[in-house]
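Engineer: Residue numbers (our numbering): 505 to 980.
Beta carbons: idealized from backbone N, C-alpha and C, even for Gly.
Since this is a predicted model, take the numbers as computed values, not measurements.
One structure, as structure tokens, below. Some questions next.
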């Protein structure tokens, strides 16, 4: 509820039932006992609402309304109480009644719009926010609320004119200034965003403003300045968001040891944060600390077993260190069962089994081929799965079966050095040496260009970081 509505309910409730008492004048008759009782009942409801006693306040208003069915204040307050209790449909009914009683009340239109929004009726919410603005075009709240609504609906360009107008009406409003700076950032108006953030910092120096300023610096390619601002934000407010943003900025620019230190701080403070565990695992992997990387990636997998983000990096770390085979296999098995139609989930499970069971003649190892075949059925363009099928047949010395798999993998992706090498070997074993030599030459050339693989890993890190970073929320 807006402060304006709350104050009006508190300070003007004595006049709520004036309609029942007749016209007011200097010779107004004394109110009868019924009116006094209703007035006291409403005041009690307001007091309970302000004290956070929502069920008591609702009960009082529900009892009162039959005697005052046209009370705008009672319907409005009861609607807000229902909304606070997440009884959204009941809230909507009361707020619609309030608007019918006072269709020219901007605050009533705003609260009705918020109710429509909570119920996912965004077009109706949009209409009501606009009607509130039409009723009070020069009020701060009507402009700010419509702008914020558009930000939450990810209609950023539409939000800016209203937030800008609200800022002109009330230049010292922190919440609106933050929203407007965020909107400028999201549409690429970096200078406007920077100017506004710097002005806000002078009024109210907060960690979230430095986090926003860091994002501006990052967009402008100023890595050192961005890292410094993220650091300031984390020191001022060591929230999960700020620690993640600081650590991931360091990770993006391959300053691994500082990134590990910050991620460790985050892991201690926020042991239930899957993205911090993934970030720490990635940083440790990048420093060659594979066993410790696996430890944190396993924690991430347990925190959110359906989140696919950690499994890519878990598979990479596990490829370099199979010491925790049983635990890794179990996580990949669970992931494949949670997402049986996900080709990548099945691929990870197949490869973890193969790596962990290479020296065993187990039933689990026998399931690798069917798993890989299911992968390419689910995703016929999964080149690495064809490569691994070829490797599986080659390990069995079935080179004639391996060759078509390698050719299919290379048809989908010519930049697979291992596929060229293993295809060359299969040609040798099948007596096709003239076909083998060109494959070995391509392999040598691609291995010399191994930087492409490093670039791929950097892109994977980047993709995780940017996907995991939260877009700052608009201020209510």
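1. I need the straight-line Cα distance from residue 963 to residue 563, nearest angstrom please.
2. From residue 603 to residue 630, what distance separates their C-alpha atoms?
3. With burial defined as no fewer than 16 other Cβ atoms inside 10 Å of the residue's Cβ, what is the status of residue 701: buried or exposed?
4. Between the stretch 636-643 and the stretch 677-684, can you find at least three pairs of beta-carbon atoms closer than 8 Å?
5. Quick check on residue 692: buried or exposed, where buried means 16 or more other Cβ atoms within 10 Å of its Cβ?
6. First and last residue of the alpha helix (DSSP H) that includes residue 840?
7. Give the straight-line distance between the Cα atoms of residue 925 and residue 942, rounded to the nearest whole angstrom.
8. Excluding five sequence neighbours on each side, which residues of the same chain lie with their C-beta closer than 8 Å to the C-beta of residue 683?
9. Using C-beta distances below 8 Å, list every residue in its chain close to residue 791, excluding the 5 sequence neighbours before and after it, in chain order.
10. By the three-class DSSP mapping on this structure, what secondary structure does residue 934 have?
11. Suppose the cutoff is 7 Å on Cβ atoms and the five residues either side in sequence are ignored; what does the same chain contact list for residue 796 look like?
12. Does the distance from the CB of residue 747 to the CB of residue 770 come in under 9 Å?
13. Helix, strand or coil: how does DSSP classify residue 657 here?
14. Rounding to the nearest angstrom, what Cα-Cα distance links residue 623 and residue 596 in this structure?
15. Hey, residue 741 and residue 712 are a contact pair by Cβ (cut 8 Å); roughly how many whole angstroms apart?
16. What is the rounded straight-line gap between the Cα of residue 728 and the Cα of residue 878?
17. Quick one: Cα of residue 984 to Cα of residue 574, how far?
18. So the candidates are 669, 589, 917 and 752; which of them puts its Cα closest to the Cα of residue 561?
19. Taking the CB atoms as reference points, tell me whether residue 822 and residue 849 lie closer together than 9 Å.
20. Tell me the start and end of each unbroken alpha helix (DSSP H) in the stretch 622-655 that is at least 4 residues and wholly inside, in chain order.
21. Using a Cβ-Cβ cut-off of 7 Å (strictly less than) and excluding sequence neighbours within five positions of residue 808, which residues of its own chain qualify?
22. Sorted by chain position, which residues of the same chain lie with C-beta nearer than 6 Å to residue 836's C-beta, five sequence neighbours on each side aside?
23. Decide if residue 952 is buried, meaning its Cβ has at least 16 other Cβ atoms within 10 Å, or exposed.
24. Assess, as a yes-or-no matter, whether the stretch 703-718 is touched by the stretch 918-932 under the definition of 3 or more beta carbon pairs within less than 8 Å.
25. Determine the direct distance from the alpha carbon of residue 775 to that of residue 800, and round the result to whole angstroms.
Structural biologist: Reading off the structure:
1. Taking the chain shown and counting its residues from 1, one reaches residue 963 at position 459. Taking the chain shown and counting its residues from 1, one reaches residue 563 at position 59. Those two C-alpha atoms are separated by around 58 Å.
2. Numbered from 1 along the chain shown, position 99 holds the residue referred to as residue 603. Numbered from 1 along the chain shown, position 126 holds the residue referred to as residue 630. For residue 603 and residue 630, the distance between alpha carbons rounds to 15 Å.
3. In the chain shown, counting from the first residue as 1, residue 701 sits at position 197. Answer is buried; the Cβ neighbour count reaches 16.
4. no
5. Position 188 of the chain shown holds residue 692. Under this definition residue 692 is an exposed residue.
6. Along the chain shown, one-based indexing puts residue 840 at 336. Residue 840 -> alpha helix (DSSP H) spans 829-842.
7. One-based indexing of the chain shown puts residue 925 at position 421. One-based indexing of the chain shown puts residue 942 at position 438. Distance between the alpha carbons of residue 925 and residue 942 is about 10 Å.
8. Within the chain shown, numbered from 1, the residue matching residue 683 stands at position 179. Excluding residues within five positions, the ones whose Cβ falls inside 8 Å are 648, 651, 652, 655, 663, 667, 978 and 979.
9. Within the chain shown, residue 791 is the residue found at index 287, counting from 1. Cβ neighbours of residue 791 beyond the five flanking positions: 760, 761 and 764.
10. Counted from its first residue, the chain shown places residue 934 at position 430. Three-state DSSP puts residue 934 in coil, outside helix and strand.
11. For the purposes of this step, residue 796 is taken as the residue at position 292 of the chain shown. Same-chain partners within the cutoff: 788.
12. Reading the chain shown from its first residue, position 243 is the one you call residue 747. Reading the chain shown from its first residue, position 266 is the one you call residue 770. Yes; because the gap between Cβ atoms is below 9 Å, this pair is in contact.
13. In the chain shown, the residue the question calls residue 657 occupies position 153. Coil, per DSSP.
14. Sequence index remark: in the chain shown, residue 623 carries index 119 (1-based). Sequence index remark: in the chain shown, residue 596 carries index 92 (1-based). Rounded to whole angstroms, residue 623 to residue 596 spans 9 Å at the Cα level.
15. The sequence position of residue 741 within the chain shown is 237, counting from 1. The sequence position of residue 712 within the chain shown is 208, counting from 1. About 7 Å separates the two Cβ atoms, so the contact holds.
16. Walking along the chain shown from the start, residue 728 turns up at place 224. Walking along the chain shown from the start, residue 878 turns up at place 374. So the two alpha carbons sit approximately 47 Å from each other.
17. One cannot answer for residue 984 here, as it falls past the ends of the chain, which runs 505 to 980.
18. Counting from 1 along the chain shown, the entry for residue 561 is found at position 57. When 669, 589, 917 and 752 are compared, the shortest CA-CA separation from residue 561 is found for 589.
19. Reading the chain shown from its first residue, position 318 is the one you call residue 822. Reading the chain shown from its first residue, position 345 is the one you call residue 849. Contact: no.
20. 626-639
21. Position 304 of the chain shown holds residue 808. Cβ within range, chain order: 778.
22. Taking the chain shown and counting its residues from 1, one reaches residue 836 at position 332. The answer, listed in chain order, is 852, 853 and 856.
23. For this step, residue 952 is matched to residue 448 along the chain shown. Exposed.
24. no
25. Counting from 1 along the chain shown, the entry for residue 800 is found at position 296. Counting from 1 along the chain shown, the entry for residue 775 is found at position 271. Looking at the two C-alpha atoms, the distance is approximately 10 Å.
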